[in-house]
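Residue numbers (the UniProt record's numbering): 1 to 291.
Glycine residues also receive a C-beta, built at the ideal position from the N, C-alpha and C atoms.
Just so you know, these numbers come straight off a predicted model, no measurement behind them.
Worksheet: the structure to be examined is printed underneath.
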Amino acid sequence: MGLQSLYQSIITELSNEKLWQTIGWSAFRIILILVLGRVSIIIVNKTIDHVVFNREPERLGQQVRRIRTIGKLLKNVVAYAIHFVSVLLILSEFNINLGPLLAGAGVIGLAIGFGAQSLVKDVISGFFIVVEDQFAVGDIIQTGNFKGTVELIGLRSTRIQNWTGEVHIIPNGMINEVTNFSINNSLAVLDVSIAFEENIDRTVSAINGILARIDDPNLIKAPEVLGIQTLTATEASLRIVAECRPTTQVAVSRVLNREIKKALDANQIEMAYPRMITYQQNKEGRASNGT
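As structure tokens, this is what we get:
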């Protein structure tokens with residue numbers, strides 16, 4: 001008899017039209033909350049893109065790196081905030097009293113804060129990375145043993161991709177020292193060694209001639225020969241420098257090496273090669289040398 005009455009009460013409840021209306025409206029409001037949350041994120045992201053990313057770099061001046069990085073960070077913050085509000089609204093649909101929940105969350109948050117000091121450190125470090133403009137998305141940096149292009153600066157971590165494709169995710173709190181290769185112009189430095197017997201003035205003239213004709217978009221100004229860097233018994237080393245755009249010194253060095261080699265070959269100037277010099281004493285007691 002007990003089971004029959006229980007079954008009958010369940011059937012009665014399930015047959016209650018008002019119950020299904022309540023469930024239907026709650027489900028509709030939950031779906032609406034999720035949709036509006038997603039639409040809000042899209043609208044905010046589009047607004048940030050329009051305000052930050054679609055402006056002319058000339059108008060932004062030197063602040064373009066910082067502004068664009070802050071724009072990406074704002075997207076993350078807004079997404080977290082909208083998701084948090086959406087969860088609260090969905091909980092309210094289940095008639096959960098949010099007052100005690102929020103009060104308890106404060107106490108729990110305080111307790112978690114003591115156990116999650118590294119997380120707090122990561123967030124604060126990420127904030128100062130952006131505010132102090134230590135580096136921005138797209139910069140080439142090195143921190144510790146990691147070097148590469150910054151792909152993302154988040155609230156908790158920074159993502160770096162090195163030149164071979166590996167992606168390193170580094171907590172912001174672990175970024176203590178940073179070398180930024182993208183702020184100022186770079187300097188390509190080459191040492192060209194020629195045989196000791198070659199005429200220095202003729203060699204410098206040949207190299208200057210080819211350097212003046214190099215047209216590379218990464219060059220800021222024409223490369224120049226500084227002079228003899230080292231001098232040994234078998235070779236003379238000429239130092240060449242070229243100011244170029246940030247992080248392009250390797251590519252510029254390759255271009256200069258190729259063109260300088262062509263110029264030396266065209267002028268029949270011999271480059272240095274390994275040689276051994278021996279000294280021996282003749283009958284008169286004087287030193288003579290041979291190679």
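message = Using 7 Å as the threshold, is the C-beta distance between Ser125 and Asn172 below it?
response = Start at 1 with the first residue of the sequence shown, and residue 125 comes out as number 125. Start at 1 with the first residue of the sequence shown, and residue 172 comes out as number 172. Yes, these two residues count as a Cβ contact at 7 Å.
Contacts around Asp191, its chain only, beta-carbon distance under 6 Å, and the 5 residues preceding and following it disregarded = Position 191 of the sequence shown, counting from 1, holds the residue named residue 191. Answer for Asp191: Gln229, Ser237 and Arg239, listed in chain order.
message = Mapping the DSSP letters down to three states, classify Ile170 as helix, strand or coil.
response = For the purposes of this step, residue 170 is taken as residue 170 along the sequence shown, with counting starting at 1. In this structure, Ile170 counts as strand in the three-state DSSP scheme.
task = Determine, using beta carbons only, whether Ile23 and Ile90 come nearer to each other than 7 Å.
result = For the purposes of this step, residue 23 is identified with residue 23 of the sequence shown, where counting begins at 1. For the purposes of this step, residue 90 is identified with residue 90 of the sequence shown, where counting begins at 1. Not in contact: Ile23 and Ile90 (Cβ atoms no closer than 7 Å).
key: Separation of Val225 from Asn45, as counted between CA atoms   = Numbered from 1 along the sequence shown, position 45 holds the residue referred to as residue 45. Numbered from 1 along the sequence shown, position 225 holds the residue referred to as residue 225. Using only the alpha carbons, I get a separation of about 50 Å.
query = Starting from Ala233 and walking both ways along the beta strand (DSSP E), at which residues does that stretch end?
reply = Position 233 of the sequence shown, counted from the first residue, corresponds to residue 233. Unbroken run through Ala233: none, as it is neither H nor E.
task = Tell me whether Phe135 is buried or exposed, calling it buried when 16 or more other Cβ atoms sit within 10 Å of its Cβ.
result = To locate residue 135, count along the sequence shown from 1; it is residue 135. When all chains shown are included, Phe135 counts as buried.
request  = Count the other CB atoms, across all protein chains shown, that sit within 10 Å of the CB of Gln268; report buried if there are 16 or more and exposed otherwise.
outcome  = As a first step, residue 268 must be located in the sequence shown, where it is residue number 268. Only exposed fits Gln268, as fewer than 16 other CB atoms lie within 10 angstroms of its CB.
task = Look at the alpha carbon of Ser85 and the alpha carbon of Ile70, and state the distance between them as a whole number of angstroms.
result = Taking the first residue of the sequence shown as position 1, residue 85 is located at position 85. Taking the first residue of the sequence shown as position 1, residue 70 is located at position 70. Before going on, a small fix: residue 85 reads as Val here, not Ser. Taking the straight line joining both Cα atoms gives about 22 Å.
inquiry  = Can you tell me which residues form a DSSP beta bridge with Thr143?
reply    = On the sequence shown, position 143 is the one that residue 143 refers to. Beta-bridge partners of Thr143 (DSSP): Phe146.
message = By the three-class DSSP mapping on this structure, what secondary structure does Gly61 have?
response = Position 61 of the sequence shown holds residue 61. Its pLDDT being 47, under 50, Gly61 is placed unreliably in this model, and the coordinates cannot settle the point.
ask   = What's the C-alpha gap between Thr158 and Val123?
value = What you label residue 158 is simply residue 158 of the sequence shown in a count that begins at 1. What you label residue 123 is simply residue 123 of the sequence shown in a count that begins at 1. Straight across, the Cα-Cα distance linking Thr158 with Val123 is about 11 Å.
task = Examine the Cβ distances between the region 178 to 185 and the region 208 to 219 and report whether three or more of them are shorter than 8 Å.
result = Counting Cβ pairs under 8 Å, fewer than three are found: no touch.
key: Close Cβ partners of Leu187 (< 8 Å) along its chain, the five nearest in sequence each way excluded   = Residue mapping note: residue 187 aligns to position 187 of the sequence shown, counting from 1. Taken in chain order, the residues that qualify are Val241, Ala242, Glu243, Cys244 and Gln249.
Backbone CA spacing between Ser193 and Glu177 [nearest angstrom] = Taking the sequence shown and counting its residues from 1, one reaches residue 193 at position 193. Taking the sequence shown and counting its residues from 1, one reaches residue 177 at position 177. A straight-line Cα-Cα distance of about 36 Å links Ser193 and Glu177.
ask   = Under the rule that 16 or more other beta-carbon atoms within 10 Å means buried, what is Thr143, buried or exposed?
value = As a first step, residue 143 is located in the sequence shown; it is residue number 143 there, counting from the start. Flag for Thr143 reads buried.
task = Would you mind sorting Val87 into buried or exposed? The rule is 16 or more other CB atoms within 10 Å of its CB.
result = Taking the first residue of the sequence shown as 1, we reach residue 87 at position 87. Under this definition Val87 is an exposed residue.
task = Take Thr234 and list the residues in its own chain whose beta-carbon comes closer than 6 Å to its own, dropping the five residues that flank it on each side.
result = Counting from 1 along the sequence shown, the entry for residue 234 is found at position 234. Residues of the same chain with a CB within less than 6 Å of the CB of Thr234, apart from the 5 flanking positions on each side, are Phe196 and Arg275 in chain order.
ask   = Does the Cβ of Thr232 have 16 or more other Cβ atoms within 10 Å, making it buried, or fewer, making it exposed?
value = As a working mapping, residue 232 is identified with position 232 in the sequence shown. By the 10 Å Cβ count, Thr232 comes out exposed.
key: Close Cβ partners of Val77 (< 8 Å) along its chain, the five nearest in sequence each way excluded   = Looking up residue 77 in the sequence shown gives position 77. Counting only Cβ-Cβ distances below 8 Å, and skipping sequence neighbours, we find Leu155.
message = Using only CA atoms, which one of Val130, Val255 and Leu256 lies nearest to Lys72?
response = Here residue 72 refers to the residue found at position 72 when the sequence shown is read from its first residue. Lys72 has its Cα closest to that of Val130, out of Val130, Val255 and Leu256.
query = Just to confirm, are Glu93 and Ser26 a CB contact at a threshold of 7 Å?
reply = Here residue 93 corresponds to residue number 93 of the sequence shown, with the count starting at 1. Here residue 26 corresponds to residue number 26 of the sequence shown, with the count starting at 1. One thing to note: Glu93 has its Cβ within 7 Å of the Cβ of Ser26.
task = With distances taken Cα to Cα, identify the nearest neighbour of Thr164 among Phe146, Ile48, Val120 and Leu152.
result = To locate residue 164, count along the sequence shown from 1; it is residue 164. Out of Phe146, Ile48, Val120 and Leu152, the CA that lies nearest to the CA of Thr164 is found in Phe146.
query = What's the C-alpha gap between Asp201 and Pro246?
reply = On the sequence shown, position 201 is the one that residue 201 refers to. On the sequence shown, position 246 is the one that residue 246 refers to. Near 32 Å, if we compare the C-alpha coordinates of Pro246 and Asp201.
ask   = When the Cα of Leu211 is compared with those of Leu152, Asn199 and Leu256, which residue comes out closest?
value = Within the sequence shown, the letter at position 211 stands for residue 211. Answer by Cα proximity: Leu256.
ask   = Which term fits Thr47, buried or exposed, when burial requires 16 or more other beta carbons within 10 angstroms of its beta carbon?
value = Residue numbering aside, residue 47 sits at position 47 when the sequence shown is read from its first letter. By the 10 Å Cβ count, Thr47 comes out exposed.
query = Among the residues of its own chain, which have a CB less than 6 Å from the CB of Gly148, if the five just before and after it don't count?
reply = Residue numbering aside, residue 148 sits at position 148 when the sequence shown is read from its first letter. Hits under 6 Å: Ile160, Gln161 and Asn162.
ask   = What is the rounded straight-line gap between the Cα of Lys18 and the Cα of Glu132?
value = Taking the sequence shown and counting its residues from 1, the one referred to as residue 18 is at position 18. Taking the sequence shown and counting its residues from 1, the one referred to as residue 132 is at position 132. The alpha-carbon atoms of Lys18 and Glu132 are separated by roughly 58 Å.
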